[in-house]
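> Chains as they are written, first to last, in our numbering: chain A, 16 to 226; chain B, 4 to 268. Before I ask anything, let me first share the structure, which is written out below as structure tokens.
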Amino acid sequence: MKKANKKSFLKSCSLLFILIALCFSLAPAPSWAGEPLQILKTYSQKVIDILQDPQYADQKITENQLDKLRKLGRKIFSFEQLSMRTLGRNWPKLSKKQQEEFIDLFPKLLEKNYLGKIHEYKQESVEFTQETIFSSRKAEVKSLIKTQSKQVPVDYRLVKINGEWKIYDVLVEGVSLVQNYRSQFSEILMNNSPQEMLQILREKVNTEDKG
Amino acid sequence: MFRLFNNFKTLLVFCSLLSLIAFFALPTESRAESSASVQGEAAEEEATPKPWEEEGYATLPEPRLADPFQPVNRVMFAFNDKLYLYVLKPIGQGYAAVFPQPVRLGVDNFFYNLRYPVRFVNDILQAKIVRAGKETTSFLLNTIFGFAGLLKPAQEVSWLSPAPSEEDTGQTLGTWGFGPGFYIVWPVLGPSSLRGSVGKVGDYFLDPLNYVEPYNLQIGLSAGERVNSVSLRLGEYEDLKEAALDPYVAFKDAYYQYRQKLLEE
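Below, the structure is given as structure tokens:
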């Protein structure tokens with residue numbers, strides 16, 4: 016059983032990765048606010064359309080496609096909300112300027128880590144399974160990514176800002192992206208100043224990809 | 004080896020381990036925390052939105068899974084990292100080059116099906132009767148119509164799909180009120196907790212693979228399963244590690260969150 020444990024752990028880790036990929040599936044904001052599940056469905060279709068664009072069929076992914084995905088991502092995610100929640104109680108310890116830099120840098124880290132691999136998911140299918148409205152401004156949408164070998168639950172948490180639903184957290188197999196990074200940042204901030212933390216983040220964002 | 008574990012002395016050791024975990028791990032703080040976050044959710048609507056303080060995000064001493072042996076754990080983590088990169092991964096890659104994916108998926112399914120007793124017994128111990136029924140039905144369908152579990156025909160039955168999450172002894176202990184204790188990174192086996200480690204002992208006795216004789220065959224099968232599993236997940240570990248600012252902390256948190264989620268299901 017020990018192996019099973021390890022395996023499911025790795026599995027859950029991989030989910031975290033897939034979840035972000037899926038996240039970038041949002042669509043341009045409609046003039047009227049639809050229900051969260053419907054919105055995510057629409058955006059997810061747009062992501063698939065971009066990924067499967069026949070004009071790039073013979074390539075893994077092009078810069079052009081990545082640009083489009085990046086723009087979509089910035090429409091469906093609230094990176095400000097995501098950043099604030101990622102730092103949690105450490106957030107007010109950053110100066111206004113540092114906060115702004117964090118909101119700029121952190122999404123870049125996410126894009127770098129997840130967007131570059133999104134093409135690996137181009138053949139997988141996504142099924143949106145459930146929508147829970149917690150309050151007038153909080154909702155959760157559950158989905159299932161089906162791959163050849165497994166089904167991965169991916170949940171999106173949304174918050175309504177200025178009448179539009181935006182994603183602020185993604186959970187892959189129950190592992191919250193925001194919480195995972197928060198645990199890392201609080202460890203870093205225990206031993207480093209906000210300025211040093213930003214420097215670590217900058218370096219991470221600017222490191223060349225190995226792959 | 005099997006005989007060794009089968010004797011009375013070992014049972015005694017297991018029982019004393021259990022009482023040890025009870026002693027260390029009983030206060031389930033995580034429960035209190037999750038109910039607090041539910042209340043926070045309700046109260047939050049009227050309050051001025053300060054997103055960074057929502058949903059328990061404010062709880063600062065972050066490590067909700069205690070990690071008193073972090074220096075040792077970090078060494079083990081580094082060891083496992085090298086073990087994966089320089090041993091498991093190359094073997095997995097070679098294996099994947101020889102056997103096509105459908106074959107490897109079949110092998111994966113076979114071992115999953117074989118571990119049915121682990122899931123069934125723990126369903127029962129947690130009084131999850133419907134789940135136990137689903138597991139049993141799936142096991143019978145997959146064994147009889149799926150070539151001893153190589154295929155998963157049960158997944159075509161809507162009542163049985165998606166398959167319920169795998170129950171194990173660690174979760175049973177959690178359901179009974181034992182807290183996770185503290186974080187442990189075992190060499191080779193990877194991330195665990197005190198509770199998870201005791202659970203693994205229980206799982207060991209429930210896994211049919213560990214009753215295979217002779218012992219060499221059992222070892223071979225275990226290793227084969229591990230390699231097969233790695234071959235189906237090449238790149239996942241690397242991606243996660245690459246995405247992390249502090250991989251050790253990232254994996255610890257992912258382990259904790261994932262086990263919490265399984266426990267809640």
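Ideal placement from N, C-alpha and C gives every residue a C-beta, glycine not left out. None of these values were measured; they are calculated from a predicted model.
Go through its chain and collect everything with a Cβ distance to S232(B)'s Cβ below 7 Å, but skip five positions before and after it.
One-based indexing of the second sequence puts residue 232(B) at position 229. Here the set comprises D111.
> Using a Cβ-Cβ cut-off of 6 Å (strictly less than) and excluding sequence neighbours within five positions of L120(A), which residues of its own chain qualify?
On the first sequence, residue 120(A) is found 105 positions in, with the first residue counted as 1. For L120(A), where only same-chain residues beyond five positions count, the Cβ hits under 6 Å are L216, V220.
> Would you list, in sequence order, the uninterrupted alpha helix (DSSP H) runs of no fewer than 4 residues that lie entirely inside the segment 93–163 of chain B?
104–117, 119–128, 132–148
> Compute the Euclidean distance between the alpha carbons of L11(A) and R197(A), then round it to the nearest angstrom.
Residue 11(A) cannot be examined here, being either before or after the span of chain A that is shown, 16 to 226.
> Using a Cβ-Cβ distance cut-off of 8 Å, determine whether I91(A) contacts chain B.
Indexing the first sequence from 1 puts residue 91(A) at position 76. Cβ-Cβ to chain B under 8 Å: no for I91(A).
> Closest to E159(B) by C-alpha separation, out of G177(B), G173(B), T172(B), T140(B), would be which residue?
Position 156 of the second sequence, counted from the start, is the residue given in the question as residue 159(B). Nearest C-alpha to E159(B): T140(B).
> Identify which residue in L235(B), E245(B), P54(B), Q104(B) has its Cα closest to the Cα of K153(A).
Here residue 153(A) refers to the residue found at position 138 when the first sequence is read from its first residue. Here the closest residue by C-alpha is P54(B).
> In chain B, what lies closer than 9 Å to Q113(A) by C-beta?
As a working mapping, residue 113(A) is identified with position 98 in the first sequence. Result: empty, since nearest Cβ-Cβ is about 14 Å, beyond 9 Å.
> With distances taken from CA atoms, which of G131(A), D64(A), Y183(A), V193(A) is nearest D242(B)?
For this step, residue 242(B) is matched to residue 239 along the second sequence. Comparing Cα positions, the closest option is G131(A).
> For V174(A), which of K165(A), V167(A), D184(A) has the nearest alpha-carbon?
As a position in the first sequence, residue 174(A) is number 159, starting the count at 1. The shortest C-alpha separation from V174(A) is found at D184(A).
> With DSSP as the reference, please indicate the residues paired to G193(B) in a beta bridge.
Numbered from its first residue, the second sequence carries residue 193(B) at position 190. Answer by DSSP bridge pairing, in chain order: W189(B).
> For L88(B), count the other beta carbons within 10 Å of its own beta carbon; 16 or more makes it buried, fewer makes it exposed. Which is it?
Start at 1 with the first residue of the second sequence, and residue 88(B) comes out as number 85. Taking all protein chains in view, the Cβ of L88(B) is surrounded by fewer than 16 other Cβ atoms within 10 Å, so the residue is classified as exposed.
> By how many angstroms is the C-alpha of R107(B) removed from the C-alpha of L224(B)?
Taking the first residue of the second sequence as position 1, residue 224(B) is located at position 221. Taking the first residue of the second sequence as position 1, residue 107(B) is located at position 104. Using only the alpha carbons, I get a separation of about 14 Å.
> Find out if the Cβ-Cβ distance for the pair K181(A), I65(A) is shorter than 8 Å.
In the first sequence, residue 181(A) corresponds to position 166, counting from 1. In the first sequence, residue 65(A) corresponds to position 50, counting from 1. The answer is no: Cβ separation not under 8 Å.
> Tell me the DSSP secondary structure of L109(A) in three-state form.
Here residue 109(A) refers to the residue found at position 94 of the first sequence. DSSP places L109(A) in coil when its eight states are reduced to three.
> Is any heavy atom of the ligand FMN found at a distance shorter than 7 Å from the C-beta of L266(B)?
Inclusion of the ligand FMN in the displayed structure is not the case, the ligand content being empty and no account of it being possible.
> Compute the Euclidean distance between the alpha carbons of R198(B) and R100(A), then round it to the nearest angstrom.
Here the question's residue 198(B) lines up with position 195 in the second sequence. Here the question's residue 100(A) lines up with position 85 in the first sequence. Near 30 Å, if we compare the C-alpha coordinates of R100(A) and R198(B).
> CB L68(B) to CB S196(B), shorter than 8 Å?
For the purposes of this step, residue 68(B) is identified with residue 65 of the second sequence, where counting begins at 1. For the purposes of this step, residue 196(B) is identified with residue 193 of the second sequence, where counting begins at 1. Yes.
> Hey, is N177(A)'s beta-carbon within less than 8 Å of any beta-carbon in chain B?
Numbered from its first residue, the first sequence carries residue 177(A) at position 162. Output row for N177(A): interface = no.
> Pairs of beta-carbons, one from the segment 166–178 of chain B and one from the segment 123–132 of chain B, closer than 8 Å: are there three or more?
yes
> Beta-carbon separation of Q260(B) and S191(A) under 8 Å?
As a first step, residue 260(B) must be located in the second sequence, where it is residue number 257. As a first step, residue 191(A) must be located in the first sequence, where it is residue number 176. For Q260(B) and S191(A), yes; Cβs fall inside 8 Å.
> Can you name, in chain order, every residue of its own chain whose Cβ lies under 6 Å from the Cβ of F117(A), other than the five neighbours on each side?
To locate residue 117(A), count along the first sequence from 1; it is residue 102. S98.
> Which whole-angstrom value describes the C-beta separation of P168(A) and E139(A), a residue pair presumed to lie in contact below a C-beta threshold of 8 Å?
Here the question's residue 168(A) lines up with position 153 in the first sequence. Here the question's residue 139(A) lines up with position 124 in the first sequence. With 8 Å as the limit, P168(A) and E139(A) do not qualify as a contact, their Cβ atoms being about 13 Å apart.
> Taking one C-beta from the segment 248–263 of chain B and one from the segment 194–210 of chain A each time, how about it: are there three or more such pairs within less than 8 Å?
yes
> Could you tell me whether the Cβ atoms of I94(B) and V230(B) are closer together than 8 Å?
On the second sequence, residue 94(B) is found 91 positions in, with the first residue counted as 1. On the second sequence, residue 230(B) is found 227 positions in, with the first residue counted as 1. Yes, these two residues count as a Cβ contact at 8 Å.
> Measuring only the C-alpha atoms, how far is L87(A) from P211(B)?
Residue mapping note: residue 87(A) aligns to position 72 of the first sequence, counting from 1. Residue mapping note: residue 211(B) aligns to position 208 of the second sequence, counting from 1. Rounded to the nearest angstrom, the two C-alpha atoms are 49 Å apart.
> Enumerated in chain order, which unbroken segments of the alpha helix (DSSP H) with a length of 4 residues or greater are wholly contained in the segment 190–257 of chain B?
When DSSP assignments are scanned along the segment 190–257 of chain B, the uninterrupted stretches of alpha helix (DSSP H) that are 4 or more residues long and fall wholly within it turn out to be 197–209, 218–235, 239–246.
> Is the segment 74–85 of chain A touching the segment 104–111 of chain A in the sense that three or more CB pairs, one from each, lie closer than 8 Å?
Using a Cβ-Cβ distance cut-off of 8 Å, the segment 104–111 of chain A and the segment 74–85 of chain A are not in contact, since fewer than three pairs of beta carbons, one from each stretch, lie closer than that value.
> What did DSSP end up calling Y196(A) once you bin it into helix, strand or coil?
Here residue 196(A) refers to the residue found at position 181 of the first sequence. In the structure shown, Y196(A) sits in a helix (DSSP, three-state: H, G or I).
> Between which residues of its own chain and Q145(A) is the CB-CB distance below 6 Å, once the five residues before and five after are set aside?
Against the first sequence, residue 145(A) aligns to sequence position 130. Contacts found: K157.
> Leaving out five residues on either side along the sequence, give the residues of the same chain with a beta carbon under 6 Å from the beta carbon of F123(B).
Working through the second sequence from its first residue, we reach residue 123(B) at position 120. Cβ within range, chain order: A135, E138.
> Give a yes or no on whether 8 Å exceeds the smallest Cβ distance from V252(B) to chain A.
Taking the first residue of the second sequence as position 1, residue 252(B) is located at position 249. Yes, V252(B) lies at the interface with chain A (some Cβ there is under 8 Å from its Cβ).
> So the beta strand (DSSP E) S140(A) belongs to, where does it begin and stop?
Sequence index remark: in the first sequence, residue 140(A) carries index 125 (1-based). Here the beta strand (DSSP E) through S140(A) covers 140–150.
> Among the candidates M79(B), V90(B), L266(B), whose CA atom is the shortest distance from the CA of G182(B)?
Numbered from 1 along the second sequence, position 179 holds the residue referred to as residue 182(B). The shortest C-alpha to C-alpha distance from G182(B) to any of M79(B), V90(B), L266(B) is the one to L266(B).
> Assuming F80(B) and V191(B) form a contact by the criterion Cβ under 8 Å, report the distance between their Cβ atoms to the nearest whole angstrom.
Walking along the second sequence from the start, residue 80(B) turns up at place 77. Walking along the second sequence from the start, residue 191(B) turns up at place 188. That pair is no contact at about 12 Å.
> Based on DSSP bridge pairs, tell me the residues matched to A81(B).
As a position in the second sequence, residue 81(B) is number 78, starting the count at 1. None; A81(B) has no bridge partner.
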